[in-house]
Amino acid sequence: MTHAIPQGSPIITVENVIKQFGRFAALRGVTAEFDAGRFHAILGDNGAGKTTLLRALAGLAQPTRGTISIFGKTPQAACRDLGYMAHPSLLYDEMSGMENLRYFAGLYGIAGDTRCEEAIRAVGLDPELTRGVGQYSQGMRQRMSLARAILHDPRVLLLDEPFSNVDVHSAREMVGLLKGMRDAGKTIFVVTHQALLLDGIADEFVWMQAGQIVDRTATTARAEVS
Amino acid sequence: MSLWSVTFATLKKDIRLEWRSKDALNSMLFFSLLVVVIFVFSFDPLAEESRHIVGGLVWVAFLFAAVVALNQTWARELRNQVLDAYRVSPAPPNALFLAKALGNFIFVSVLEALMTPLFVVFYNLHVLGPAWQLIPIALLGTWALVVNGTFFAAMSLRTRSREIMLPLLLFPISIPAVLGMVAGTTAVLTGDNPAHFYIVLLLTYDVVFTTACLALFETVLHAE
Numbered sequence: 001m002t003h004a005i006p007q008g009s010p011i012i013t014v015e016n017v018i019k020q021f022g023r024f025a026a027l028r029g030v031t032a033e034f035d036a037g038r039f040h041a042i043l044g045d046n047g048a049g050k051t052t053l054l055r056a057l058a059g060l061a062q063p064t065r066g067t068i069s070i071f072g073k074t075p076q077a078a079c080r081d082l083g084y085m086a087h088p089s090l091l092y093d094e095m096s097g098m099e100n101l102r103y104f105a106g107l108y109g110i111a112g113d114t115r116c117e118e119a120i121r122a123v124g125l126d127p128e129l130t131r132g133v134g135q136y137s138q139g140m141r142q143r144m145s146l147a148r149a150i151l152h153d154p155r156v157l158l159l160d161e162p163f164s165n166v167d168v169h170s171a172r173e174m175v176g177l178l179k180g181m182r183d184a185g186k187t188i189f190v191v192t193h194q195a196l197l198l199d200g201i202a203d204e205f206v207w208m209q210a211g212q213i214v215d216r217t218a219t220t221a222r223a224e225v226s
Numbered sequence: 227m228s229l230w231s232v233t234f235a236t237l238k239k240d241i242r243l244e245w246r247s248k249d250a251l252n253s254m255l256f257f258s259l260l261v262v263v264i265f266v267f268s269f270d271p272l273a274e275e276s277r278h279i280v281g282g283l284v285w286v287a288f289l290f291a292a293v294v295a296l297n298q299t300w301a302r303e304l305r306n307q308v309l310d311a312y313r314v315s316p317a318p319p320n321a322l323f324l325a326k327a328l329g330n331f332i333f334v335s336v337l338e339a340l341m342t343p344l345f346v347v348f349y350n351l352h353v354l355g356p357a358w359q360l361i362p363i364a365l366l367g368t369w370a371l372v373v374n375g376t377f378f379a380a381m382s383l384r385t386r387s388r389e390i391m392l393p394l395l396l397f398p399i400s401i402p403a404v405l406g407m408v409a410g411t412t413a414v415l416t417g418d419n420p421a422h423f424y425i426v427l428l429l430t431y432d433v434v435f436t437t438a439c440l441a442l443f444e445t446v447l448h449a450e
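Residue numbers (the working numbering), protein chains in the order written: chain A, 1 to 226; chain B, 227 to 450.
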């Protein structure tokens with residue numbers, strides 16, 4: 001069951017964004033507004049531009065044309081409000097999860113181990129694990145990657161394929177965790193091919209094709225939550 | 227979160243990673259050891275001749291060995307795209323550059339400390355000039371190599387054949403520094419000329435290129 005998206009106060013505004021890699025346009029004039037505290041699932045075939053859009057929102061891909069505004073700032077200026085999780089883990093394989101998070105916490109000016117331990121426990125892992133992240137299972141690595149993304153308590157989470165190569169049980173646990181974060185007021189973007197996992201959880205499904213947003217479908221999940 | 231706190235946190239992390247993997251140090255050590263052995267077999271100079279050529283041999287060996295370390299430093303950041311985690315953080319870009327340059331400086335200095343005695347023994351070297359001047363020449367020369375090397379290694383990070391690209395970019399721009407290192411070292415070893423000019427040359431080179439690298443690194447880091 002779907003209904004029209006209510007027009008609230010958007011926190012993210014994407015205006016006519018074009019992103020070209022040489023002659024190939026990965027994004028072809030994307031225009032959209034996204035409201036706070038919602039769970040957006042971005043879907044589409046391979047090459048549709050999902051990851052490029054997410055990287056542009058994270059400030060990792062500079063639009064060739066057009067603008068992106070997050071809380072009224074550029075993505076780079078809003079970096080403290082953004083948590084980014086990519087398809088690769090963005091972690092050092094040779095260091096333990098805690099060592100990784102301690103280092104990344106330092107980049108955000110977070111002192112002490114408390115916040116790192118909280119983030120690791122939040123994703124269901126043990127901060128005492130001493131082995132290197134490279135020796136973790138894929139599911140554990142994905143969780144630790146999520147812990148790194150939420151370490152600085154960002155208001156917006158940008159997650160690229162967080163459930164890929166993760167078993168169904170672990171994926172459902174991660175979805176539950178993300179649902180809890182959304183309920184706590186965070187805005188979540190998930191790029192995924194596993195739409196079924198987010199059925200009843202996501203507030204909106206954003207469909208992309210050939211570098212454009214072709215459809216946005218709001219679900220009843222938000223109504224249930226509120 | 228200051229420039230220096232992030233710099234030292236990143237430096238500490240890099241030293242920890244190197245200590246665990248020993249990728250850069252092992253490669254550099256074996257490479258320069260091979261160079262020393264090959265030079266020893268290729269030339270069999272008298273002590274007097276050695277003093278004139280060792281300056282060049284030593285720095286060529288260290289320059290080539292440093293390239294190995296410089297490539298390793300950034301390769302570590304490419305695995306699992308960890309560099310993106312730094313790029314999305316509010317940490318100052320120059321902190322990353324300084325940490326990498328300082329890390330490489332430490333690794334290359336360790337290599338020099340281990341390899342210099344071998345050169346002294348194999349070439350039966352006796353310093354005729356003021357030996358203390360070798361210290362500023364070594365420190366300034368090493369910084370000249372690593373500061374440009376770290377910058378150009380970052381620049382060639384996203385190129386397909388970065389192992390080839392780095393020496394192509396680094397060696398031409400290092401020529402003034404290499405001249406200063408080689409001529410300065412030879413001047414001290416032979417005692418023929420004072421090495422002050424070469425020390426000032428290296429100092430000037432270091433100041434100019436460190437400033438330029440710091441000014442341009444943010445652009446390099448965020449280049450796509």
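All C-beta atoms, glycine included, are put in the ideal place defined by N, C-alpha and C.
Nearest-angstrom Cα distance between residue i and residue j?
i: P316/B; j: W207/A; result: 31 Å
i: T236/B; j: Q76/A; result: 21 Å
i: A421/B; j: A413/B; result: 6 Å
i: L371/B; j: A147/A; result: 38 Å
i: I213/A; j: A61/A; result: 18 Å
i: G47/A; j: Q194/A; result: 16 Å
i: S89/A; j: L340/B; result: 37 Å
i: I241/B; j: I279/B; result: 34 Å
i: V286/B; j: L351/B; result: 18 Å
i: L322/B; j: T233/B; result: 6 Å
i: G124/A; j: T437/B; result: 46 Å
i: A122/A; j: P162/A; result: 15 Å
i: Y312/B; j: L107/A; result: 8 Å
i: G139/A; j: R305/B; result: 18 Å
i: L405/B; j: T411/B; result: 10 Å
i: T416/B; j: L354/B; result: 5 Å
i: L428/B; j: D167/A; result: 58 Å
i: F205/A; j: L196/A; result: 11 Å
i: A210/A; j: P154/A; result: 30 Å
i: I70/A; j: G49/A; result: 19 Å
i: W358/B; j: I425/B; result: 12 Å
i: A56/A; j: I68/A; result: 8 Å
Can you look up residue i in the DSSP assignment and give me helix, strand or coil?
i: P343/B; result: helix
i: H448/B; result: coil
i: D215/A; result: strand
i: T130/A; result: coil
i: K73/A; result: strand
i: Q20/A; result: strand
i: A4/A; result: Residue confidence for A4/A is low, a pLDDT of 41 falling below 50, so the modelled location carries little weight; the figure read from the coordinates is stated next. Coil.
i: K248/B; result: coil
i: E338/B; result: helix
i: I361/B; result: helix
i: T385/B; result: coil
i: Q62/A; result: coil
i: P420/B; result: coil
i: A311/B; result: helix
i: E94/A; result: coil
i: Q194/A; result: coil
i: M181/A; result: helix
Report all residues from its chain with a CB closer than 6 Å to the CB of residue i; omit the five preceding and five following residues, and keep chain order.
i: L383/B; result: W300
i: D160/A; result: T51, L54, A86, H87, V191
i: R388/B; result: S382
Got a sec? Which residues, its chain only, sit under 7 Å from residue i by beta carbon, not counting five neighbours each side?
i: L283/B; result: F265
i: M95/A; result: G132, V133
i: V501/B; result: Residue numbering for chain B in the displayed model covers 227 to 450; residue 501/B lies beyond these limits and cannot be assessed.
i: P318/B; result: L229, V232
Can you tell me which residues form a DSSP beta bridge with residue i?
i: Y84/A; result: L158/A
i: V14/A; result: A32/A, I68/A
i: F189/A; result: H40/A, L158/A
i: V206/A; result: I42/A, R216/A
i: A149/A; result: Paired residue(s): none; A149/A is not in a bridge.
i: A25/A; result: Q20/A
State buried or exposed for residue i, treating a residue as buried only when at least 16 other CB atoms are found within 10 Å of its CB.
i: E203/B; result: As shown, chain B starts at 227 and ends at 450. That puts residue 203/B outside it, with no answer to give.
i: A184/A; result: exposed
i: E274/B; result: exposed
i: N330/B; result: buried
i: W369/B; result: buried
i: A295/B; result: buried
i: F435/B; result: buried
i: S258/B; result: buried
i: Q142/A; result: buried
i: N252/B; result: exposed
i: K326/B; result: buried
i: G180/A; result: exposed
For residue i, which residues in the same chain have their Cβ closer than 8 Å to its Cβ, ignoring the five residues on either side in sequence?
i: M254/B; result: A291, A292, V294, A295, F333, V334, L337
i: V446/B; result: F377, A380, M381
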